[in-house]
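Report on one structure; see the data block that follows.
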Amino acid sequence: MATGESRQPERPWGPAEVREVLRKRGLRYSRPRRVILGYLSEQDRHVSAEGLYLALRQRGDDLSLSTVYLNLRVLAEAGLVREFDGANGEALYDSNPSEHYHVVCPETGEVRDVTLPWVNGQPLASFLKEYVERETGWEIDEPHVSLTGRAPAARADGVD
Numbered sequence: 002m003a004t005g006e007s008r009q010p011e012r013p014w015g016p017a018e019v020r021e022v023l024r025k026r027g028l029r030y031s032r033p034r035r036v037i038l039g040y041l042s043e044q045d046r047h048v049s050a051e052g053l054y055l056a057l058r059q060r061g062d063d064l065s066l067s068t069v070y071l072n073l074r075v076l077a078e079a080g081l082v083r084e085f086d087g088a089n090g091e092a093l094y095d096s097n098p099s100e101h102y103h104v105v106c107p108e109t110g111e112v113r114d115v116t117l118p119w120v121n122g123q124p125l126a127s128f129l130k131e132y133v134e135r136e137t138g139w140e141i142d143e144p145h146v147s148l149t150g151r152a153p154a155a156r157a158d159g160v161d
């Protein structure tokens, strides 16, 4: 792919795959995990633990806030959801676990998915890792790209 091109994120997890991923980590596909993943899989979501807790309560799912926090952390570590920093530094969880970036507006808190860009035939993170290693001699573990900017709504409202 040429510079600037991107690929569309995929959703690789069905119930059987979720069970297998958890089983390989010695974890169960428990009721709280099923409820959380069920809610997140309904549509693309970027949600905090507190926001998820309140949404689940409103739907009648009785999970404690600590259960939501604990299970989101486990699901993120298993690669079934993605964790990233929101506008205020708060952890947000993405229902789309595929590799992609986020752009976050500090004024509005809006979050947008950005498909994974490719540079010279490789994903941006791989390209960046190789470039920095070549330029510095350092061994890079994993590059993390953080994108912030003003959302169209923030610009339209005259927020600077």
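Numbering-wise (my numbering), the sequence shown opens with residue 2 and increments by one. By construction, the Cβ of each residue, glycine as well, lies at the ideal position given by its N, Cα and C atoms. No experiment lies behind these values; they were computed from the predicted model shown.
Backbone secondary structure at residue i - three-state DSSP
i: residue 92; result: strand
i: residue 143; result: coil
i: residue 48; result: strand
i: residue 84; result: strand
i: residue 2; result: The predicted position of residue 2 is uncertain, since its pLDDT is 36 and thus under 50; a value taken from the coordinates is nonetheless stated next. Correct three-state label for residue 2: coil.
i: residue 98; result: coil
i: residue 58; result: helix
Beta bridge counterpart(s) of residue i as assigned by DSSP
i: residue 104; result: 113 and 148
i: residue 35; result: Residue 35 is not bridged to any residue.
i: residue 133; result: Its beta-bridge partners do not exist; DSSP assigns none.
i: residue 124; result: 119
C-alpha distance - residue i paired with residue j, whole-angstrom precision
i: residue 143; j: residue 126; result: 8 angstroms
i: residue 44; j: residue 110; result: 19 angstroms
i: residue 139; j: residue 128; result: 15 angstroms
i: residue 63; j: residue 120; result: 46 angstroms
i: residue 89; j: residue 148; result: 13 angstroms
i: residue 135; j: residue 122; result: 17 angstroms
i: residue 30; j: residue 22; result: 9 angstroms
i: residue 18; j: residue 116; result: 23 angstroms
N- and C-terminal bounds of the alpha helix (DSSP H) containing residue i
i: residue 78; result: 66-78
Subject >> Segment contact, 8 angstroms Cβ cut-off, at least three pairs: the region 95-110 with the region 73-86 >> reply: yes
**OP:** Report yes or no: do the region 46-53 and the region 61-76 share at least 3 C-beta pairs separated by less than 8 angstroms?
**Re:** yes
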